[in-house]
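Please read the structure below before turning to the comments.
2 protein chains.
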Amino acid sequence: MTIRSASEAWEALFRAQVTLMQKFEEAKDFAPLRSREYDVLFNLAQLGGRARQWELNERLLITQPSLSRMIDRLQAAGYVRREASPSDGREVIVVLTEEGARMQGRIGRRHVRHIAALVDSALTEEEQQQLAVLADKLRTGALARGTRTEEPRAETA
Amino acid sequence: MTIRSASEAWEALFRAQVTLMQKFEEAKDFAPLRSREYDVLFNLAQLGGRARQWELNERLLITQPSLSRMIDRLQAAGYVRREASPSDGREVIVVLTEEGARMQGRIGRRHVRHIAALVDSALTEEEQQQLAVLADKLRTGALARGTRTEEPRAETA
DNA sequence: TTAAAGTAGATGCGAACGTATATATCAGTG
DNA sequence: CACTGATATATACGTTCGCATCTACTTTAA
Chain A
2 MTIRSASEAW EALFRAQVTL MQKFEEAKDF APLRSREYDV LFNLAQLGGR
52 ARQWELNERL LITQPSLSRM IDRLQAAGYV RREASPSDGR EVIVVLTEEG
102 ARMQGRIGRR HVRHIAALVD SALTEEEQQQ LAVLADKLRT GALARGTRTE
152 EPRAETA
Chain B
2 MTIRSASEAW EALFRAQVTL MQKFEEAKDF APLRSREYDV LFNLAQLGGR
52 ARQWELNERL LITQPSLSRM IDRLQAAGYV RREASPSDGR EVIVVLTEEG
102 ARMQGRIGRR HVRHIAALVD SALTEEEQQQ LAVLADKLRT GALARGTRTE
152 EPRAETA
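For the record, the sequence lines run as chains A and B. Each residue of the first sequence is one higher than the one before, starting from 2 at the first, in my numbering. Each residue of the second sequence is one higher than the one before, starting from 2 at the first, in my numbering.
Next up, the structure:
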């Protein structure tokens with residue numbers, strides 16, 4: 002039954018995420034930020050320090066209005082700033098400030114050490130690589146799919 | 002560079018979780034509940050339909066006061082009820098009602114089909130099993146660890 | 001046996017969230 | 001070029017969240 006192994010894979014992945022995240026929260030890995038705020042700065046850094054707000058939103062599990070307000074707060078704190086898009090008047094470009102990049106880096110380096118401590122204690126390096134490959138393949142494959150069981154229809158056609 | 006493969010494994014797992022969860026939210030898999038409410042009913046069902054509140058809390062990413070209030074709401078909706086613990090007067094036993102079990106099952110069956118559609122489109126059955134094993138091993142190994150890099154002892158010393 | 005420390009859950013309160021909707025801009029069609 | 005629909009972001013508003021703290025019960029040990 003492939004429906005069985007599929008949901009077992011998802012449940013195992015999801016529960017692992019919950020358990021590790023609990024550890025990170027418990028250890029206050031993201032202080033002085035909230036984990037969701039760090040997530041914004043991290044993804045912004047990964048996108049080269051500047052991104053359209055909707056692109057950033059695509060990588061996060063929060064709604065568009067929540068992200069808009071979070072950016073208000075991150076901007077007030079001096080970690081990001083908004084710029085107008087030169088090509089599309091509707092878009093807002095979110096830019097990581099120097100201070101924001103410093104904060105992200107400071108938290109990130111500490112956080113990465115904690116990640117390594119947990120992951121290394123559980124998996125061999127080979128297993129870590131296998132997990133990364135499988136999780137990436139899952140993400141990519143799921144992205145290619147439309148919302149539901151999905152007919153032939155193509156997206157990025 | 003084991004720190005590298007460790008964080009790559011975590012990031013891949015985390016991002017896969019975000020992407021799939023976005024799909025589930027977008028498709029309203031958990032309606033008429035919120036995803037966190039479904040998560041409570043699902044975990045309660047997995048624990049045999051009754052659990053101490055703190056045990057339930059251990060499996061969720063929400064704080065104790067938030068869970069307490071969520072149980073208020075789930076109780077008002079008729080999905081769970083609180084019972085006194087026979088062995089410890091401080092504890093509250095959360096019990097899944099028949100109606101709660103029916104709702105969890107109804108949502109769960111639909112949700113599992115969606116999971117299978119996404120996971121099957123991305124991974125072979127063998128890969129799904131490998132992913133489940135690796136994610137489980139990661140969770141179990143991380144649980145065995147203390148909070149930080151873990152010196153021999155040391156609390157908040 | 002009782003005082004101190006520890007643990008489980010509930011509550012006050014300000015902050016953050018999501019849904020619905022408004023505003024502004026862009027894209028396509030007649 | 002209007003006009004219709006789509007897209008990107010912002011705002012109003014009620015709900016939910018987390019932090020700090022309180023209450024109640026249990027455990028420890030003097």
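For each residue, glycine too, the CB sits at the ideal point set by N, CA and C.
Looking at residue i: is its Cβ nearer than 8 Å to the Cβ of residue j?
i        : j        : result
Leu119/A : Arg146/B : yes
Gln47/A  : Phe15/B  : no
Leu21/B  : Trp11/A  : yes
Leu57/B  : Leu45/B  : yes
In chain B, what lies closer than 8 Å to residue i by C-beta?
i        : result
Gln131/A : Gln131 and Leu135
Measure the C-alpha to C-alpha separation of residue i and residue j and round it to an integer number of angstroms.
i        : j        : result
Gly142/A : Ala7/A   : 13 Å
Glu9/B   : Gln129/A : 8 Å
Gly1/B   : Arg53/B  : What is shown of chain B runs 2 to 158, which leaves residue 1/B out entirely.
Leu124/A : Ser88/B  : 39 Å
Ala13/B  : Leu68/A  : 22 Å
Arg1/A   : Thr3/B   : As displayed, chain A neither begins before 2 nor continues past 158, which places residue 1/A out of reach and without an answer.
Lys29/A  : Glu126/B : 37 Å
Lys138/B : Ser36/A  : 24 Å
Arg107/A : Val93/A  : 26 Å
Pro66/A  : Arg74/B  : 25 Å
Gln1/B   : Gly50/B  : In the structure displayed, chain B extends from 2 to 158; residue 1/B sits before or after that span and is not available.
Glu38/A  : Glu99/A  : 16 Å
Arg70/B  : Arg70/A  : 25 Å
Ala32/B  : Ile72/B  : 18 Å
Val134/B : Ser86/A  : 45 Å
Gln23/B  : Gly101/A : 26 Å
Asp40/B  : Ile63/B  : 11 Å
Arg103/A : Ser122/A : 29 Å
Ala117/A : Leu144/B : 14 Å
Gln105/A : Glu59/A  : 20 Å
Leu42/B  : Arg5/B   : 37 Å
Ala158/B : Trp55/A  : Annotation note: pLDDT 28 at Ala158/B (below 50); position unreliable, coordinate value reported separately. Roughly 44 Å between the two C-alpha positions.
Here's a check: name, in chain order, each residue in its chain whose Cβ is nearer than 8 Å to the Cβ of residue i, leaving out the five neighbours to either side.
i        : result
Gln76/A  : Arg82 and Arg83
Ala136/A : Leu14
Gly160/A : Nothing about residue 160/A can be reported from this structure: the residues present for chain A run from 2 to 158 only.
Which bits of chain B does residue i rub up against, with CB to CB less than 7 Å?
i        : result
Gln23/A  : Leu62
Thr20/A  : Arg140, Ala143 and Leu144
Glu126/A : Thr3 and Ser6
Please work out which residues of its chain come closer than 7 Å, Cβ to Cβ, to residue i, disregarding the five sequence neighbours upstream and downstream, and give them in chain order.
i        : result
His115/B : Phe25, Ala28 and Asp30
List, in order along the chain, the chain A residues whose C-beta lies closer than 9 Å to that of residue i?
i        : result
Ser122/B : Gly142, Ala143, Ala145, Arg146 and Glu151
Show which residues of chain B have a CB atom less than 9 Å away from the CB atom of residue i.
i       : result
Arg16/A : Arg60, Ala136, Asp137 and Arg140
Given residue i, which residues of its chain have a CB within under 6 Å of its CB, disregarding the five upstream and five downstream residues?
i        : result
Arg140/B : none
His112/A : Asp30
Please list, in chain order, the residues of the region 3 to 14 of chain B that have any C-beta partner in chain A closer than 9 Å.
Thr3, Ile4, Arg5, Ser6, Ala7, Ser8, Glu9, Ala10, Trp11, Glu12, Ala13 and Leu14
By the 8 Å beta-carbon criterion, what residues does the region 99 to 123 of chain A contribute toward chain B?
Against chain B - using a Cβ distance shorter than 8 Å - the residues of the region 99 to 123 of chain A are Val113, Arg114, His115, Ile116, Ala117, Ala118, Leu119, Val120, Asp121, Ser122 and Ala123.
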